[in-house]
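Residues in the sequence shown are numbered consecutively from 1, following UniProt numbering.
Here the structure is laid out as structure tokens; the discussion comes afterwards.
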Amino acid sequence: MASTVEELQKDLEEVKVLLEKATRKRVRDALTAEKSRIETEIKNKMQQKSQRKAELLENEKPAAVVAPITTGYTVKISNYGWDQSDKFVKIYITLTGVHQVPAENVQVHFTERSFDLLVKNLNGKSYSMIVNNLLKPISVEGSSKKIKTDTVLILCRKKAENTRWDYLTQVEKECKEKEKPSYDTETDPSEGLMNVLKKIYEDGDDDMKRTINKAWVESREKQAKGDTEF
């Protein structure tokens, strides 16, 4: 896992360098799409790593002396509404009877780009909602939750106030964007990047090829220079 993420990080840095050097729109569009794909894959792999770590820690916990209350299965929450103010992005989740459970049964964990809601033992079930890759950063300390009648209100404090969110997550935004250049997502991350650049190079005119060659050489020189500084 670590080596794969490390390689993805290197690919991402190289794409960023190439993107800075590229001037042709077609080249920039393809590199931007590749940058987005690599960033998403890094986040997914880090999330998988965190989930596995959490599962291992959970399995290592000693068995409780008193049998826990049976909470049945966990229901994933997919229906919600949201709006925003100058300071907050507000997510509304309707759960009948949630205001009647103990306050400690409603837990929300925030990071700068995500939140994780867990409601335990509500009518014999648990309810979970995980939203990753929020559109923009939030303040962990300034975010909170409120319990209202049959409703959980999650308040994500905007890190940059007075900014508008057109979407709740980056994924939603990307789904609305125009179709990206095709590439094989099943290949190794480095191969995917190479295939994208190769296709652009083969289909491009002489100016485009010179642009790619120049950007590629400069990125390699920059990478080599960085390696010698350690």
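From the three backbone atoms N, C-alpha and C, an ideal C-beta is built for every residue, glycine too.
Whole angstroms are fine: how far does the CA of residue j sit from the CA of residue i?
i: Arg37; j: Ser85; result: 30 Å
i: Ala54; j: Val217; result: 43 Å
i: Lys35; j: Gln9; result: 10 Å
i: Glu202; j: Thr40; result: 27 Å
i: Asp116; j: Val131; result: 6 Å
i: Gln47; j: Tyr80; result: 22 Å
i: Leu95; j: Val89; result: 19 Å
i: Asn59; j: Lys49; result: 15 Å
i: Leu197; j: Ala33; result: 12 Å
i: Leu135; j: Arg52; result: 25 Å
i: Ala160; j: Glu177; result: 24 Å
i: Ser114; j: Asn44; result: 13 Å
i: Asp83; j: Lys146; result: 15 Å
i: Gly142; j: Arg164; result: 18 Å
i: Thr169; j: Leu153; result: 17 Å
i: Glu229; j: Ala22; result: Because the pLDDT of Glu229 is 49, which lies under 50, any placement of that residue in the model is unreliable, and the number read from its coordinates should be weighed accordingly. Going by the C-alpha atoms only, they are around 26 Å apart.
i: Ser126; j: Val106; result: 10 Å
i: Arg26; j: Pro137; result: 30 Å
i: Val17; j: Lys173; result: 24 Å
i: Ala30; j: Asn195; result: 11 Å
i: Leu155; j: Ile93; result: 12 Å
With a 10 Å radius around its C-beta and 16 neighbouring C-beta atoms as the bar for buried, classify residue i as buried or exposed.
i: Thr211; result: buried
i: Lys158; result: buried
i: Glu6; result: exposed
i: Asp11; result: buried
i: Cys175; result: exposed
i: Ser219; result: buried
Pick out whichever of the options has its Cα sitting closest to the Cα of residue i.
i: Ala103; options: Ser78, Thr151 and Thr4; result: Thr151
i: Leu124; options: Val98, Gly142, Leu168 and Arg220; result: Looking at the sequence provided, one finds Gly at residue 124 rather than Leu. The option with the nearest alpha carbon to Gly124 is Val98.
i: residue 233; options: Ile91, Val75 and Ser114; result: Outside the shown range of the chain, which is 1 to 230, sits residue 233, and nothing can be said about it.
i: Asn121; options: Arg113, Val101, Met194 and Glu112; result: Val101
i: Arg28; options: Met208, Gln107, Leu155 and Leu168; result: Met208
i: Val119; options: Tyr73, Cys156 and Lys87; result: Tyr73
i: Val140; options: Lys148, Thr111, Leu168 and Arg164; result: Thr111
i: Thr4; options: Asp166, Ile42 and Val15; result: Ile42
i: Val171; options: Asn133, Asn162 and Lys222; result: Asn133
i: Val108; options: Arg26, Ile200 and Ser144; result: Ser144
Just curious, the alpha helix (DSSP H) that residue i is in, first and last residue?
i: Gln47; result: Lys25 to Glu60
Go to residue i, then tell me how far its beta strand (DSSP E) extends in each direction, as first and last residue.
i: Asp83; result: Gly81 to Gln84
i: Thr111; result: Val106 to Thr111
i: Tyr92; result: Phe88 to Thr94
i: Val75; result: Thr74 to Lys76
(message) If we require 4 or more residues per run, which alpha helix (DSSP H) segments fall completely within the segment 120-180?
(response) Fully enclosed alpha helix (DSSP H) runs of 4 or longer: 170-176.
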